[in-house]
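Contents: one structure, followed by commentary.
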Amino acid sequence: RIMLVTRVIRRHSSSIRSADETRRAFVHFFESEGHVHVPSSSVVPPATDESLLFTNAGMNQFKSVLAGVESADQWPSRVVTHQKCIRAGGKHNDLDDVGKDLHHLSFFEMMGNWAFNNAYGKETACKLAWTFLTEVLGIPKDRLYVSYFGGSREWGVAEDVETRNIWRNMGLDSSRVLPFVAENFWEMGRTGSCGPCTEIHYDRVEGRSCVPQLVNRDDSVVELWNVVFTNSLRHEDGSVSALDTMHVDTGLGLERLVSVVQGVGSNFDTDLFRPIIGAIEKLSKSSYAGRVGAVDEAGRDAAFRLVADHVRAASVALADGARPSGEGAGFVVRKMIRRAAWRAADQLGAPRHALKELVPVVVETLEGAYPELSEKRQEIEKTIEGEEKKFWSTIERSTNHFRKEVSQLKRGDTVPGATLFRLHDAHGLSPDLVELWSEKRGLRLDLAGYDRLRRAAKEQSKAADSKKT
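In my numbering, each residue carries its 1-based index in the sequence shown increased by 320.
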């Protein structure tokens, strides 16, 4: 599919327009409904949580409650949040998809409302979500669809008839209330807390008739809100049993919602991204046209999206205390800075060492909600500047080594793991740097082979050290 959306909405009747206004309206609405605003936690998880590279969902700071490990009494019974999230590693990794389409982001904000220990039930949760979208934001009801859990014999879980009937009793036609199975059952992991969910979907295309067949099937109908009813437990044998209490856990991506509020076709056309893309246009003296796929000549628009996203994500991570390094979250931050630097210069023609000039623009788009970005701005700029200097120095020093190693390879070939290991071991060229060059030449990387050799070298080094002692 070359273009994702052919026609998009006009702005809706609400006076809410900007991302800041949308975020504030969300918090104020739920505060007026008895919720307490809990500030976003850091995108850098606590050292005690080794399961995450970054905070990647609104539920992370509450997951011990959802898992049944801790009591919910430490939190208010009703909570509203807008959580900074980075999905760039582990189970949820969007890093390699950023730029290729109009919706993937490595950093995003997940808004949500929570009701712990039966603070309210399914009907209230559904009505709150529907009221915010249709009355506060003014989104037309005839552009919305809802999905619910249709039941699974395999799991021994019945259809969520209660939720289906709630939506129908709220006035939705049955053609807009749709059953799904896996798409509408949330699970924390292979075992543990889980439950059915109901999702609200929005049709971006204006003026067409009811299209239920496109829900969860086509990019022109997008999920806006996921409302999870955590009321069950998944066991080792795959079966599911009911819990004594229920938590309501919802998630609503700010960037996507703002694209709907502002009547644009993608996250990158909102006021969260247009200023950053505009700054890249000035640096590169080229223009962004929002193209994807085959019509995106030389991948320039994809490069615009990647640079904007990666500088934004790296800035947020650095403000929260992450530091570029050779492993873990620090390596991901370093990789984002390097990829942004390479794409900006190589594909967009921006001058080298210019990424730091984008930081003030990123800060301006987010500081209203996250003042730590303003407080750490100079530190962020200095870190990105230093990483760029190291990156370009390595590129200048090592280009010939790379060319020599791959001179016999043709487009579509794979750079062997042994070659990757040699480039890293002898010349300091990590695979993420080799990937930048290889991508341009149409080469793949044998990363699995590289990892095996790297682990073997580490074991050999440990064995040698133990003999010395």
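Virtual Cβ for every residue (Gly too), placed ideally from N, Cα, C.
Residue of the options minimising C-alpha distance to residue i
i: Asp666; options: Pro396, Leu756, Arg524 and Glu507; result: Leu756
i: Arg484; options: Ser559, Leu638, Arg528 and Glu519; result: Glu519
i: Glu556; options: Asn587, Pro532, Glu543 and Gly512; result: Gly512
i: Val541; options: Trp662, His423 and Arg731; result: His423
i: Asp569; options: Val548, Arg611, Cys530 and Val347; result: Val548
i: Leu740; options: Lys730, Val726 and Val358; result: Val726
i: Thr719; options: Ser758, Ile486 and Ala345; result: Ser758
i: Ser792; options: Lys782, Phe452 and Phe374; result: Absent from the structure is residue 792, since the part of the chain shown begins at 321 and ends at 789.
i: Gly476; options: Ala392, Phe505 and Ala637; result: Phe505
i: Val400; options: Ile486, Lys782 and Glu351; result: Glu351
i: Glu482; options: Glu443, Gly558 and Leu753; result: Glu443
i: Lys696; options: Arg654, Ala637 and Pro751; result: Ala637
i: Pro751; options: Glu647, Lys730, Gly732 and Glu779; result: Glu647
i: Glu370; options: Leu753, Glu677 and Ala649; result: Ala649
i: Thr451; options: Gly491, Val358, Arg528 and Leu553; result: Gly491
i: Ile600; options: Lys676, Met656, Thr590 and Val358; result: Lys676
i: Val358; options: Leu372, Gln394 and Ser335; result: Gln394
i: Thr714; options: Leu686, Val683, His747 and Gln728; result: His747
i: Arg731; options: Gly762, Glu708, Lys709 and Lys724; result: Gly762
i: Glu429; options: Tyr690, Arg717 and Ala768; result: Tyr690
i: Glu503; options: Arg537, Trp487 and Ser391; result: Arg537
i: Ser579; options: Leu457, Leu729 and Lys655; result: Leu457
Whole-angstrom C-beta distance between residue j and residue i, which should lie under 8 Å
i: Asn376; j: Ile406; result: 6 Å
i: Leu626; j: Gly419; result: 4 Å
i: Val535; j: Tyr468; result: Actually they are not in contact, since the Cβ atoms of Val535 and Tyr468 sit about 11 Å apart, beyond 8 Å.
i: Ala387; j: Met508; result: 6 Å
i: Phe722; j: Leu765; result: Wrong, their Cβ atoms sit about 12 Å apart, outside the cutoff.
i: Gln403; j: Gly441; result: Not quite, the Cβ-Cβ distance comes to about 24 Å (not below 8 Å), so this is no contact.
i: Val531; j: Asp539; result: That belief does not hold up - the Cβ atoms of Val531 and Asp539 are roughly 13 Å apart, past 8 Å.
i: Arg344; j: Val581; result: So it is not a contact: roughly 12 Å between Cβ atoms.
i: His567; j: Asn437; result: 7 Å
Close Cβ partners of residue i (< 7 Å) along its chain, the five nearest in sequence each way excluded
i: Val353; result: It should be pointed out that residue 353 corresponds to Glu in this sequence rather than to Val. Cβ neighbours of Glu353 beyond the five flanking positions: Leu448.
i: Arg620; result: Ser606, Gln667 and Leu668
i: Leu577; result: Thr342 and Leu544
i: Arg611; result: Asp621
i: Ala609; result: Asp621
i: Val754; result: Phe722, Val735, Leu740, Leu743 and Leu765
i: Ala639; result: Glu692, Leu693, Lys696 and Ile700
Cβ-based burial, residue i [other Cβ within 10 Å; buried from 16]
i: Gln381; result: buried
i: Val389; result: exposed
i: Ala634; result: buried
i: Ala562; result: exposed
i: Val385; result: buried
i: His521; result: buried
i: Pro366; result: exposed
i: Gly515; result: buried
i: Arg496; result: buried
i: Cys446; result: buried
i: Ala339; result: buried
i: Tyr770; result: buried
i: Gly706; result: exposed
i: Val681; result: buried
i: Asp417; result: exposed
i: Val363; result: buried
i: Gly737; result: buried
i: His348; result: exposed
i: Asn489; result: exposed
i: Glu575; result: buried
i: Pro644; result: buried
i: Arg528; result: exposed
Close beta carbons around residue i, own chain, < 6 Å, minus the five adjacent residues each side
i: Ala628; result: Phe593, Ile596 and Ile597
i: Arg398; result: Gly354, His355, Ala435 and Ala439
i: Ala670; result: Leu603, Ser604 and Ala664
i: Ala408; result: Leu415, Ser426 and Val652
i: Leu572; result: Met431 and Trp545
i: Phe711; result: Arg658 and Ala661
i: Ser472; result: Val501
i: Phe588; result: Arg625
i: Ala674; result: Leu603
i: Gly688; result: Asp340
i: Asp591; result: Ser338 and Ala339
i: Ser335; result: none
Beta-carbon contacts of residue i that lie in its chain and below 8 Å, excluding the five residues immediately before and after
i: Asp745; result: Ala777
i: Lys760; result: Asp666
i: Val328; result: In this prediction, Val328 has a pLDDT of 44, which is less than 50 and means its spatial position is unreliable; nothing more can be read from the coordinates.
i: Ala478; result: Gly471
i: Val270; result: There is simply no residue 270 to check, as the chain begins at 321 and stops at 789 in what is shown.
i: Thr454; result: Pro460, Lys461 and Leu464
i: Ser559; result: Trp475 and Gly476
Contact test: residue i Cβ vs the ligand MN heavy atom, cutoff 6 Å
i: Met431; result: Summarising the ligand content, the structure contains no ligands, and the ligand MN is consequently not present.
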